[in-house]
Structure formats: structure tokens, C-alpha cells
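Participant:
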Amino acid sequence: MKLRFVSLLFILSVGLFLSGCSSSNVSEKAERKKIISGNSRPLVIKNIEHDNRKLIRSQRIKSIDKVHFDINYEGKPVNGRKISQVKYNRQGYPVENLFFGNDGNINVKYIYKYNGRGLRTETIQYDAEGKPEKKYSYRYNKYGNKIKAVRYGISGGEEKYYVYEYDKYSNLTYDIWYNSDGTIEYTFENFYNDKGEKIEADGFNSGGKPAVKIKYLFDKKGTVVEELHYNSGGEKSGIIQYVYKYY
């Protein structure tokens, strides 16, 4: 059961990072487009990765480690271990993402490539021995937000694809994972507060049944500090803490 949970945790971590890190075809200096809607709240068309990069750059963040804790019978976190590390350049772009096994060694590595407009054009996935094994391509909407990612074998051949849907505020509301035959593997539904911060992600399996719930906690600067994970029965199953390193 623990092995199954760890495998699911890795898959969810990869999927959430891929979905949360699209790229921009909008100038870094461009302001958000604001349209006044019928109610009192302004309609903000935002570029997710532009906002993420701005936050990372302004706080001079160099890397983010994720440390996972199990929950014991008393409901307390135990057995902390680093499961991933994202590295950023000084412009706020994620350039490398590492995932670690129980032994602390790198199991999977992702390297990200961008074009001159800031669009992520390709991701290469490497195995534990440092050999390339997968690659990803991307499509974007007119606001520069990712709408589709496709995973291929390193020698070609589509394996899976991922579709991203947004609300009118350009919040990523649905993250749907498909097998190459078009069947759904996994679905995430995301929820946001009035600040546009993602506060919850609910995951559903291929049959549409609840599989996991993740709640996100933020500090006063608007950076994520902790994830609370719950299983399909609503029981807390783990905690992930974020450790920031700075330039």
C-alpha cells in the first residue's frame, strides 16, 4: 500500500508541476488585461507563467525543495524525505526538475527548453542513469497559457497527452490526463481564492471517482509553504513542505 501511495505521489507531483508551469508569449513588461464584468469584480485575463516568473524573480528564488512526510496513527508528520527539487534561473524560469527515490538518489530528471518569446518549447525526461527516455511538446492559447501537452517516447510515438481548461479569469480549473487512445487516465479540478491563489486540487481516477485531495497553504508573500494531502476517504495521508533557497 505504501509503495502504491509513493508511486501515486510521484505521478501527481509530476503532473501538477507540468500543469502549473506553462510559458508565456506575452512580454514580461505587459500588464494584465482587465475587463470590467457585469459584477463588481474585475475580469482579469492573466498569464499564469508570467505571474509565476514574476513572483520567483522578485523573491530571488533559486530552487524549491519539496519534503514529504507520512502521517502516523496520532496524526503527526513523520519520516520526512526530499522528493523533488525545482531549479530556477535568475529570470524566474524553471530550468530543471529533479525527483528523488527513497534512497535519496535521482530517479527522474526534467530539463526545460524555451524560445526567444519565453514559450516552453520542449521538455526532455531522463531516467535514473541520465539517459533521455521521454519528451514533451506544448500548445498555448492567445493569452500564453498552456492548453495541451503531449508526451512522446524519445524515439517518437505519442504515449499520453494532457489538456488544460481555464475559467474566465484564466485560472487553470481542469487538468485532464489522457492515454494515447483518448481514454481518460486522471482528472484534476482546481479551486482558487479571491487572490487567484490555487487553494485546492481534487483528483479523480479514470472511473471519475475521488482519488486524492490536495490543499495548499500560503505565506504572507503569496508563496506556497505546504500541501496537505487527503486520500479518497477524506483522511489526511501526507504533508509536503516547501523549502526555498535564494540567490
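Residues 0 to 246 in numbering that gives the first Met the number 0 are what the sequence shown lists, from first letter to last. For glycine and all other residues, C-beta sits at the position ideal for the given N, C-alpha and C.
Is the separation between the beta-carbon of residue 99 and that of residue 83 shorter than 8 angstroms?
Facilitator: Here residue 99 corresponds to residue number 100 of the sequence shown, with the count starting at 1. Here residue 83 corresponds to residue number 84 of the sequence shown, with the count starting at 1. The answer is yes: Cβ separation under 8 angstroms.
Participant: Starting from residue 54, trace the alpha helix (DSSP H) in both directions and tell me its first and last residue.
Facilitator: As a first step, residue 54 is located in the sequence shown; it is residue number 55 there, counting from the start. Residue 54 -> alpha helix (DSSP H) spans 47–57.
Participant: Curious, which full-length beta strand (DSSP E) runs of at least 3 residues does the stretch 52–140 contain?
Facilitator: You should have 60–70, 76–87, 93–99, 105–113, 119–125 and 131–139.
Participant: Have a look at residue 58 and residue 239 and give me their C-alpha separation to the nearest angstrom.
Facilitator: Taking the first residue of the sequence shown as 1, we reach residue 58 at position 59. Taking the first residue of the sequence shown as 1, we reach residue 239 at position 240. So the two alpha carbons sit approximately 21 angstroms from each other.
Participant: Restricting to Cα atoms, I'd like to know which of 78, 96 and 213 is closest to residue 126.
Facilitator: Here residue 126 refers to the residue found at position 127 of the sequence shown. If we check each option's Cα against that of residue 126, 96 comes out closest.
Participant: Counting pairs of beta carbons, one from the stretch 152–161 and one from the stretch 174–184, are three or more of them closer than 8 angstroms?
Facilitator: Cβ pair count under 8 angstroms is three or more, so yes.
Participant: Is DSSP giving residue 5 helix, strand or coil here?
Facilitator: In the sequence shown, residue 5 corresponds to position 6, counting from 1. In this predicted model, residue 5 has a pLDDT of only 49, less than 50, meaning its place in the structure is not dependable enough to derive any value.
Participant: For residue 274, which residues in the same chain have their Cβ closer than 7 angstroms to its Cβ, ignoring the five residues on either side in sequence?
Facilitator: Given that the chain is displayed from residue 0 to residue 246, the structure contains no residue 274 and the question cannot be resolved.
Participant: For residue 190, is the classification buried or exposed, using 16 other Cβ atoms within 10 angstroms of its Cβ as the cut-off for buried?
Facilitator: Position 191 of the sequence shown, counted from the first residue, corresponds to residue 190. So residue 190 counts as exposed.
Participant: Can you check whether the CB of residue 234 is closer than 8 angstroms to the CB of residue 215?
Facilitator: Mapped onto the sequence shown, residue 215 falls at position 216. Mapped onto the sequence shown, residue 234 falls at position 235. It is not a contact, given that the beta carbons lie outside the stated cut-off.
Participant: At the level of alpha carbons, what is the spacing between residue 134 and residue 73?
Facilitator: To locate residue 134, count along the sequence shown from 1; it is residue 135. To locate residue 73, count along the sequence shown from 1; it is residue 74. Spanning the two alpha carbons is a distance of roughly 42 angstroms.
Participant: Tell me the rounded alpha-carbon separation between residue 148 and residue 65.
Facilitator: In the sequence shown, counting from the first residue as 1, residue 148 sits at position 149. In the sequence shown, counting from the first residue as 1, residue 65 sits at position 66. Near 24 angstroms, if we compare the C-alpha coordinates of residue 65 and residue 148.
Participant: Let's test the definition: count the other Cβ atoms within 10 Å of the Cβ of residue 237 and tell me whether it reaches 16, buried, or not, exposed.
Facilitator: Taking the sequence shown and counting its residues from 1, the one referred to as residue 237 is at position 238. With 16 or more other Cβ atoms within 10 Å, it is buried.
Participant: Since residue 174 is in the beta strand (DSSP E), which residue starts that stretch and which ends it?
Facilitator: The residue labelled residue 174 in the question sits at position 175 within the sequence shown. From DSSP, the beta strand (DSSP E) with residue 174 extends over 171–178.
Participant: In the DSSP assignment, what residue or residues form a beta bridge with residue 250?
Facilitator: Any answer about residue 250 is impossible in this case: the structure gives the chain only from 0 up to 246.
Participant: Using only the alpha-carbon positions, how far apart do residue 131 and residue 112 sit?
Facilitator: By 1-based counting over the sequence shown, the position of residue 131 is 132. By 1-based counting over the sequence shown, the position of residue 112 is 113. Roughly 14 angstroms separates the two Cα atoms.
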